[in-house]
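In this note's numbering, the protein residues as written are 52 to 628.
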């Protein structure tokens, strides 16, 4: 279930037209990957909720080796996928897509009017370690690493009848590791960057699938023989009347012979190695053909003295400016981009952390173009910037709550929804089907009797209970769980569907140990029936019954969070430790 403490605040007032803003980041949790959603409140602050994807991440281990080496720039855990667009919002803003590298799947969520998420389904890919996903008008493409960095592929899916669906025989082997995939603005072509080869490729998307070969390929420039290799991670696209401008990041960390340059204590985040100044190159895409415009435009003045590890970029709303993220310099550079795609450095840094300890990764501009969101991959936080008309950035706030290492795929959405007193948000926390009251369960289901039962603490006599309060792995703050014998036996037997009268009670607490009431699940029917066979209850006080946040069978908000479980809606680990 969700922690309804925040939702209840919204429901307490009559709502009219609401302009919202939410940020979504994948946590990459190994056991259960999740999306952390940060929702802007009316006072400008953000509140977070967490939604299970139904897939698995890789934690702080980088693909494909999945080995940790804190001294190596490609194995220290701050950038597990080395890609952009690991999370993306669909063109119609109805759905969110996320790659799950840990179990080779892609999950789709429905974006609700209040910008919360409800998981729809997950689909396995035909390769290993998906890292980037793109969508346009129901067409979906996924880029994957494969078993080694010398493999890699892209494949097509589609959104059909409200679900994500795989397309047979759509996989295209690249024989190289991709980094990022994105559709052209007319959705007729797909652009893919290859990490180590330094190539940018264009594929046609026709007749519902990908072309089997690239129709255009460009090698990113390295004209000086001493210049390090161009390693592209993220790129961005902006439309013009003459085609799409494609701006590609270039991290220059591999020598001409594809080695790391050893140097002690030059770069704080990689104390054994040094890098050359990063850069961008720009291309024009027209009718699927790629042509380079500006080559190796430095994030600095010289090849050796500028900002390093430019791995992500983002256009301004009008396309005249571009922010380039210098991951290991902990900075953001600003470029001017002309209508023909030419690039020129405007300001070396519009943001800079002087100690250069922040690994800046995915970046996203909001829909209105006045806020920029920046993921910090080695500190588990998101920087929120205010953008002025000249592209300058002012740090507005910092959002916490992500794992220190491993998060990826920053995106955002802003919706406007008409809400009445009995709104779609309110209905989301009401039962979808009547609760059977004529059966006997281990706890009562009518509201007054249930609240009195919880206050009595009678469930504390159950022998299957957690020893202590702990941070929730999901949207709850801190919890302690108790389960009855029926559910415990079913879990021990590995049942895919639990029997009637399976019960779990969760005590909820804030960070200071104060009670936030209870969350309850009761299996009222033998069949789960898409969550309708479960009774759900959440109350946000242990003294005030009116603080009810959710109650009934098949509560949509609760079901949406618990549906990814492979154990019939039960997410908490068992046996208890």
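Glycine included, C-beta positions come from ideal geometry on N, C-alpha and C.
Everything numeric in this text was worked out from a predicted model, so none of it was measured.
Handout entry: Whether residue 115 touches residue 198 by CB criterion (8 Å)
Key = Within the chain shown, numbered from 1, the residue matching residue 115 stands at position 64. Within the chain shown, numbered from 1, the residue matching residue 198 stands at position 147. Taking C-beta atoms as the reference points, residue 115 and residue 198 count as a pair closer than 8 Å.
Handout entry: Straight-line gap, residue 62 to residue 563 (C-alpha atoms, nearest Å)
Key = Here residue 62 corresponds to residue number 11 of the chain shown, with the count starting at 1. Here residue 563 corresponds to residue number 512 of the chain shown, with the count starting at 1. Low confidence applies here, because residue 62 scores a pLDDT of 38, under 50, leaving its location unreliable and the question unanswered by this model.
Handout entry: C-beta atoms of residue 324 and residue 305 nearer than 8 Å
Key = Numbered from 1 along the chain shown, position 273 holds the residue referred to as residue 324. Numbered from 1 along the chain shown, position 254 holds the residue referred to as residue 305. Against a cut-off of 8 Å, the Cβ pair of residue 305 and residue 324 comes out as no contact.
Handout entry: Delimiting residues of the beta strand (DSSP E) encompassing residue 234
Key = Numbered from its first residue, the chain shown carries residue 234 at position 183. Here the beta strand (DSSP E) through residue 234 covers 229-234.
Exercise for the section: Give the C-beta separation of residue 332 and residue 290 to the nearest angstrom, bearing in mind that I take them to be a contact with Cβ-Cβ under 8 Å. Expected result: Walking along the chain shown from the start, residue 332 turns up at place 281. Walking along the chain shown from the start, residue 290 turns up at place 239. With a Cβ gap of about 19 Å, residue 332 and residue 290 do not count as contacting.
Practice task
Report, in whole angstroms, the separation of the C-beta atoms of residue 298 and residue 286, which I expect to be a contact under 8 Å.
Solution key: Stepping through the chain shown from its first residue, residue 298 is reached at position 247. Stepping through the chain shown from its first residue, residue 286 is reached at position 235. Residue 286 and residue 298 do touch by the CB rule: their CB atoms are close to 6 Å apart, below 8 Å.
Problem - Beta-carbon spacing of residue 463, residue 73 below 8 Å - result: On the chain shown, residue 463 is found 412 positions in, with the first residue counted as 1. On the chain shown, residue 73 is found 22 positions in, with the first residue counted as 1. Cβ atoms of residue 463 and residue 73: closer than 8 Å.
Practice task
Below 8 Å CB to CB, which residues in the same chain sit around residue 246 once its five sequence neighbours on both sides are set aside?
Solution key: Counted from its first residue, the chain shown places residue 246 at position 195. If we look at residue 246 and ignore the five residues flanking it on each side, its Cβ neighbours are 133, 200, 227, 228, 229, 230, 282, 283 and 284.
Exercise for the section: Taking residue 385 and residue 398 to be in contact with their CB atoms under 8 Å, please state how far apart those CB atoms are, rounded to whole angstroms. Expected result: Position 334 of the chain shown, counted from the start, is the residue given in the question as residue 385. Position 347 of the chain shown, counted from the start, is the residue given in the question as residue 398. Cβ-Cβ separation between residue 385 and residue 398: approximately 4 Å, consistent with a contact (criterion under 8 Å).
Practice task
Excluding the 5 residues preceding and the 5 following residue 454 in the sequence, name in chain order all residues of the same chain whose CB lies nearer than 6 Å to its CB.
Solution key: By 1-based counting over the chain shown, the position of residue 454 is 403. Sequence-distant Cβ neighbours of residue 454 in its own chain, meaning closer than 6 Å and more than five residues away, are 78 and 431.
Practice task
Identify whether residue 302 lies in helix, strand or coil by the three-state DSSP scheme.
Solution key: Within the chain shown, numbered from 1, the residue matching residue 302 stands at position 251. Residue state, collapsed to three classes: strand.
Handout entry: residue 261 classed as buried or exposed, judged by whether at least 16 other C-beta atoms fall within 10 angstroms
Key = For the purposes of this step, residue 261 is taken as residue 210 along the chain shown, with counting starting at 1. By the neighbour-count definition (other C-beta atoms within 10 Å, threshold 16), residue 261 is a buried residue.
Practice task
Can you give me the start and stop residues for the beta strand (DSSP E) that residue 386 sits inside?
Solution key: Translated into the one-based positions of the chain shown, residue 386 becomes position 335. Note, residue 386: beta strand (DSSP E), 382-388.
Handout entry: Length at least 3, wholly inside the region 308-381: the beta strand (DSSP E) runs in chain order
Key = For the region 308-381, whole beta strand (DSSP E) runs of length 3 or above, ordered along the chain, are 330-337, 340-349, 361-366 and 372-377.
Exercise for the section: Answer yes or no: do residue 575 and residue 619 have a C-beta to C-beta separation smaller than 8 Å? Expected result: Residue numbering aside, residue 575 sits at position 524 when the chain shown is read from its first letter. Residue numbering aside, residue 619 sits at position 568 when the chain shown is read from its first letter. Taking 8 Å as the Cβ cut-off, residue 575 and residue 619 do not qualify as a contacting pair.
Practice task
Give the DSSP-derived three-state secondary structure of residue 560 in the structure shown.
Solution key: By one-based count along the chain shown, residue 560 stands at place 509. Looking at residue 560 - three-state DSSP - the assignment turns out to be strand.
Practice task
Name the residue from 550, 338, 410 and 348 whose alpha carbon lies nearest to the alpha carbon of residue 328.
Solution key: Residue mapping note: residue 328 aligns to position 277 of the chain shown, counting from 1. Per the C-alpha coordinates, the member of 550, 338, 410 and 348 positioned closest to residue 328 is 348.
Handout entry: Sufficient close CB pairs (3 or more, under 8 Å) joining the region 479-490 to the region 600-620
Key = Yes, since at least three Cβ pairs between the region 479-490 and the region 600-620 fall closer than 8 Å, the two stretches touch.
Handout entry: Three-state secondary structure (DSSP) of residue 124
Key = Reading the chain shown from its first residue, position 73 is the one you call residue 124. Correct three-state label for residue 124: coil.
Problem - Helix, strand or coil at residue 422 [DSSP, three-state] - result: Counted from its first residue, the chain shown places residue 422 at position 371. Residue 422: strand per DSSP, three-state reduction.
Problem - Residue environment, residue 165, which counts as buried when at least 16 other CB atoms sit within 10 Å - result: Working through the chain shown from its first residue, we reach residue 165 at position 114. Residue 165 sits buried, since 16 or more C-beta atoms from the chains shown fall within 10 Å of its C-beta.
Practice task
With DSSP collapsed to three states, give me the class of residue 596.
Solution key: By 1-based counting over the chain shown, the position of residue 596 is 545. Helix at residue 596.
Handout entry: Inter-residue Cα distance where the pair is residue 300 and residue 383
Key = Numbered from its first residue, the chain shown carries residue 300 at position 249. Numbered from its first residue, the chain shown carries residue 383 at position 332. Cα to Cα, residue 300 sits roughly 12 Å from residue 383.
Handout entry: Residues of its chain near residue 519, where Cβ-Cβ distance is below 8 Å and the 5 sequence neighbours each way are ignored
Key = As a working mapping, residue 519 is identified with position 468 in the chain shown. The answer, listed in chain order, is 531.
Problem - Closest by C-alpha distance to residue 535, when choosing among 314, 527, 521 and 516 - result: On the chain shown, residue 535 is found 484 positions in, with the first residue counted as 1. Per the Cα distances, 516.
Problem - Between the CA atoms of residue 546 and residue 443 - distance to the nearest angstrom - result: Looking up residue 443 in the chain shown gives position 392. Looking up residue 546 in the chain shown gives position 495. Taking the straight line joining both Cα atoms gives about 56 Å.
Exercise for the section: Name the residue from 154, 603 and 625 whose alpha carbon lies nearest to the alpha carbon of residue 541. Expected result: Against the chain shown, residue 541 aligns to sequence position 490. Closest option to residue 541, Cα to Cα, is 625.
Exercise for the section: Along the alpha helix (DSSP H) that carries residue 459, what are the first and last residues, could you check? Expected result: As a first step, residue 459 is located in the chain shown; it is residue number 408 there, counting from the start. Annotation for residue 459: no alpha helix (DSSP H) segment contains it, though the beta strand (DSSP E) segment containing it runs 459-464.
Practice task
Classify residue 537 as helix, strand or coil using the three-state DSSP reduction.
Solution key: In the chain shown, the residue the question calls residue 537 occupies position 486. DSSP places residue 537 in helix when its eight states are reduced to three.
Exercise for the section: Go ahead and pull the three-state DSSP assignment for residue 487. Expected result: To locate residue 487, count along the chain shown from 1; it is residue 436. Three-state result, residue 487: coil.
Practice task
Please list, in chain order, all residues of the same chain as residue 92 whose beta carbon is under 7 Å from its beta carbon, the five residues on each side excluded.
Solution key: The residue given as residue 92 occupies position 41 in the chain shown. Hits under 7 Å: 98.
Practice task
Compute the Euclidean distance between the alpha carbons of residue 154 and residue 433, then round it to the nearest angstrom.
Solution key: Locating residue 154 in the chain shown gives position 103, counting from the first residue. Locating residue 433 in the chain shown gives position 382, counting from the first residue. Looking at the two C-alpha atoms, the distance is approximately 26 Å.
Exercise for the section: Please confirm whether residue 149 and residue 420 have their CB atoms less than 8 Å apart. Expected result: Your numbering for residue 149 matches position 98 in the chain shown. Your numbering for residue 420 matches position 369 in the chain shown. It is not a contact, given that the beta carbons lie outside the stated cut-off.
Exercise for the section: Decide if residue 628 is buried, meaning its Cβ has at least 16 other Cβ atoms within 10 Å, or exposed. Expected result: Taking the first residue of the chain shown as position 1, residue 628 is located at position 577. Exposed, by the Cβ-count rule.
Exercise for the section: Kindly indicate which residue of 191, 418 and 380 has the alpha-carbon position closest to the one of residue 404. Expected result: Along the chain shown, one-based indexing puts residue 404 at 353. The option with the nearest alpha carbon to residue 404 is 380.
Practice task
Put residue 607 into one of helix, strand or coil per three-state DSSP.
Solution key: Position 556 of the chain shown holds residue 607. In this structure, residue 607 counts as helix in the three-state DSSP scheme.
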